[in-house]
Amino acid sequence: MTGLKLTNIKKSYGKTDVIHGVDLEVQKGEFIVFVGPSGCGKSTLLRMIAGLESITDGDLEISGERVNDLPAAMRGIAMVFQTYALYPHMTVYDNMAFGMRIAKADKAEIEKRVTDAADMLQLTPYLDRLPKALSGGQRQRVAIGRAIVRNPTVFLFDEPLSNLDAALRVATRIEIANLKEGLPDTTMVYVTHDQVEAMTLADRIVVLSAGLIEQVGTPLELYNKPANTFVAKFIGSPAMNISKAKLSKAGDSSVLALPNGNSFEVPISSAAGLEGQDLEWGVRPEDMLICQDNDTELLSGSVMFIESLGEVTLLHIDCGGEDSVVAKLPGIADVKKGDQISLTAPADKLHVFDNKGVSFLYL
Amino acid sequence: MDQIYSALLTMSLGVAGCILYFWGSNWLLGIIFPFRGQSHEQAARNLRIASSVRPWLFLGPALFFLFLYLVYPVIDSLRLSFMGRSGEEFVGISNYVWLFNDPEFQESLKNNVLWLLIVPAASTFFGLIIAALTDRVSWGNIAKSLIFMPMAISFIGASIIWKFIYDYRPTGSDQIGLLNAFVEYLGFEPQAWIAVPFWNNLFLMIILVWIQTGFAMVILSAALRGIPEETVEAAVLDGANGLQIFFKILVPQIWGTIAVVWTTITITVLKVFDIVLAMTNGQWNSQVLANMMFDWMFRGGGDFGRGAAIAVIIMVAVVPIMVWNIRNAQAQMEDR
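As given, the protein sequences belong to chains A and B, one line each in that order. Residue numbers 1 to 363, in full-length UniProt numbering, belong to the letters of the first sequence in order. Residue numbers 1 to 336, in full-length UniProt numbering, belong to the letters of the second sequence in order.
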């Protein structure tokens with residue numbers, strides 16, 4: 001069943017277009033994460049779903065009903081803000097009860113829902129406190145509690161963890177994952193710029209760039225089969241290395257002619273018309289290997305910089321391209337700065353894109 | 001022209017005198033407690049003495065004038081209030097006994113209470129409403145400047161402006177007062193507004209409200225802008241309408257500022273004098289304490305004892321509000 005549906009959603013501020021037509025269908029109970037660089041429009045899109053920003057064009061449906069013109073409070077949504085947005089003059093209890101009091105709900109019902117939510121989030125001892133007497137993590141839990149009390153059909157999170165310190169962020173992330181399990185029927189939309197949050201929490205990730213959807217898919221789909229170079233570079237850390245080549249032979253598998261003169265066969269099919277054209281190919285740092293005797297060399301260059309993290313070693317290598325190539329080798333690698341190094345990768349780990357950056361898998 | 005010259009001369013002399021004092025006294029301190037060319041111990045000792053004397057030296061003039069114009073008058077007023085007409089013979093509390101039996105004092109007290117109830121409430125209320133409304137419209141800043149402008153007019157100047165608005169000419173002649181012109185246009189009899197007992201109090205209060213609303217508006221507008229926008233958005237999502245957001249989310253968050261504005265205006269109101277002096281001089285039952293004090297002290301009365309007694313009453317009324325106001329303002333700053 002569809003929980004949330006966006007059809008050609010657009011947003012303009014005067015003459016400036018911010019969202020250029022977004023189509024998205026979210027199943028009921030799904031956990032969707034919007035990721036993208038700053039200014040890509042992910043928060044604007046979320047605020048449009050919430051009803052805090054007007055929708056310039058297109059249709060927004062929640063549970064099958066068009067809600068474009070419905071006031072925010074009547075859309076059946078609840079939102080957790082980055083800055084918590086607690087009412088500073090109200091106790092934790094009053095913060096959570098405010099919405100129901102405005103809706104003139106029954107007193108006993110309010111009490112039941114607030115105490116239930118407080119129980120769930122371990123906030124019961126703090127119900128009489130003011131927000132300023134709480135820690136950051138507790139405040140965020142109150143904000144989540146306030147949203148739970150509204151019993152929403154769609155739960156919205158706007159970068160809820162970015163004001164917390166690293167340790168608390170991990171703990172709260174797990175709490176949000178648990179919350180999702182406890183509310184299987186609630187659709188959740190979560191905005192973040194942190195790909196770890198996106199990968200760990202999402203059922204599906206929506207990658208946005210400059211007001212457009214680049215790709216929608218499960219975390220592993222995005223990792224294994226990025227639709228274009230933008231997604232390829234955005235998902236995964238360090239980012240995928242992208243280099244240039246020519247397609248020397250099309251067919252069920254493609255043969256790349258590398259600038260260093262080598263040919264490399266990749267098990268990805270390509271159309272005959274692409275033969276002889278320029279293309280881009282990518283390989284993730286963690287898929288790179290140091291060349292052994294019979295391996296075909298993909299890239300080579302001198303090591304500029306080494307980051308030893310213990311479990312892995314990151315090598316930054318100058319291969320003559322615009323950006324340095326990064327290789328992530330397991331354990332502690334026996335490499336020194338200035339060493340000449342030649343690299344390869346398993347053929348099935350390569351990603352191939354046409355000269356517009358679209359993956360061969362999606363052509 | 002002569003006045004301008006003498007004003008310029010006074011100003012430059014004043015500034016030069018200040019510079020000379022601070023520089024000269026510091027120089028003198030260096031001469032008395034030198035630290036160059038001394039033994040290490042002596043230099044350290046002199047430096048320590050000089051730096052403990054310096055703050056007193058620099059604060060000295062301010063403390064001196066504060067004492068002369070603030071502390072001494074308070075003490076002397078207290079003393080005078082127990083003295084007779086000429087301020088020479090001791091009369092005990094008889095000035096106060098007279099005061100509390102005097103019908104004019106009772107009237108002034110009653111009027112002052114009325115001013116106290118109405119003016120701070122009205123100014124703060126209008127200031128808050130205007131601040132909230134002007135934040136939402138594009139021409140809000142122009143509106144704000146216009147509403148703030150009366151703050152720049154002296155109370156006497158404002159009274160003169162309003163004297164024209166309330167001006168009365170007998171029926172039949174051309175009304176030059178705005179209010180009467182309007183009243184006549186509507187087909188009613190013109191009135192001598194400031195001579196109508198009881199209601200004239202309200203007409204005088206309007207002047208002070210007109211002046212103080214701008215002050216309240218500026219402070220409250222800044223406070224409103226300090227409220228995080230997300231709390232309003234959260235309330236929108238919680239289903240609160242405009243009025244509920246205003247009264248349940250915005251106003252409670254700036255309650256401290258409202259209290260400070262309210263008490264600050266209250267103190268101004270307790271001292272209200274110029275408006276009454278210029279408009280009615282206390283006639284037609286519009287007397288207030290400060291104007292009555294002035295009457296007894298310097299004008300018709302010429303009675304130092306009674307004038308001082310009224311001054312003491314005003315001070316006793318102001319002090320608790322002042323203390324509360326300062327505490328509140330300090331609490332506000334600590335919250336930030």
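Even glycine gets a Cβ: it sits at the ideal position worked out from N, Cα and C.
- Chain A has no Cβ within less than 7 Å of the Cβ of B:A132.
- Counting the other CB atoms within 10 Å of its CB gives A:D354 a total of 16 or more, which places it among the buried residues.
- Within the segment 119 to 187 of chain B, the alpha helix (DSSP H) runs of at least 4 residues that lie entirely inside it are, in chain order, 140 to 148, 155 to 166, 178 to 185.
- Beta-bridge partners of B:D303 (DSSP): none assigned.
- Considering only beta carbons, the part of the segment 224 to 249 of chain B lying closer than 7 Å to chain A consists of P228, E230, T231, E233, A234, V236, L237, D238, G239, A240, Q244, I249, in chain order.
- For A:F81, the CB contacts under 7 Å within the same chain, skipping 5 residues up- and downstream, are A143, D158 in chain order.
- Under the 10 Å beta carbon count, A:E214 is surrounded by 16 or more other beta carbons and is classified as buried.
- Per DSSP, reduced to three states, the secondary structure at A:K42 is helical.
- Contact check for B:G305 against B:R85 passes: the beta carbons are separated by less than 7 Å.
- The Cβ neighbour count for B:I161, taken over all protein chains shown within 10 Å, is under 16; the residue is labelled exposed.
- Taking the C-beta atoms as reference points, A:A108 is found no nearer than 7 Å to A:I148.
- In the DSSP assignment, A:D354 falls outside any beta strand (DSSP E), carrying neither H nor E.
- When Cβ-Cβ separations below 7 Å define contact, A:A85 makes contact with chain B.
- Taking A:K15 as reference, the option from A:S43, A:T56, A:P160 with the minimal CA-CA separation is A:T56.
- Here B:H40 carries a helix assignment [DSSP, helix/strand/coil].
- Close to chain B, meaning a Cβ-Cβ distance shorter than 8 Å, are the following residues of the segment 33 to 61 of chain A: A50, G51, L52.
- Chain A has no Cβ within less than 7 Å of the Cβ of B:P34.
- Using a 10 angstroms sphere on the CB of A:E197, the tally of other CB atoms reaches 16 or more, which defines it as buried.
- With three or more CB-CB distances shorter than 8 Å, the segment 223 to 233 of chain B counts as touching the segment 85 to 96 of chain A.
- In the three-state DSSP reduction, B:N291 falls in the helix class (H, G or I).
- Of all residues in the segment 249 to 278 of chain B, those with a C-beta nearer than 8 Å to a C-beta of chain A are I249, P252, Q253, W255, reading in chain order.
- Distance from the CA atom of B:I156 to the CA atom of B:E107, rounded to whole angstroms, is 23 Å.
- Here A:R75 carries a coil assignment [DSSP, helix/strand/coil].
- In this structure, DSSP gives A:E311 a state outside helix and strand, which the three-state scheme calls coil.
- In this structure A:V92 touches A:Y126 by the C-beta definition: roughly 5 Å separates them, less than 8 Å.
- A:H316 has a beta carbon lying at 7 Å or more from every beta carbon in chain B.
- Across the segment 191 to 202 of chain A, no CB contact with chain B closer than 9 Å is found for any residue.
- Bridge partners of A:E280 according to DSSP: A:K244, A:F353.
- Comparing alpha carbon positions, the residue from A:M96, A:P267, A:S302 closest to A:F360 is A:P267.
- Annotation for A:V335: no alpha helix (DSSP H) segment contains it, and DSSP assigns it neither H nor E.
- Taking a Cβ-Cβ cut-off of 7 Å, A:P330 has no neighbours in chain B, whose nearest Cβ is about 45 Å from it.
- For A:G99, the chain B residues whose Cβ falls inside 7 Å of its Cβ are D238, G239, in order along the chain.
- Straight through space, the alpha carbons of B:W115 and A:K132 are spaced by roughly 38 Å.
- Within the model, the alpha-carbon separation for A:P238 versus B:L250 is close to 45 Å.
- Rounded to whole angstroms, the Cβ separation of A:V312 and A:L329 is 7 Å, and the two are in contact under 8 Å.
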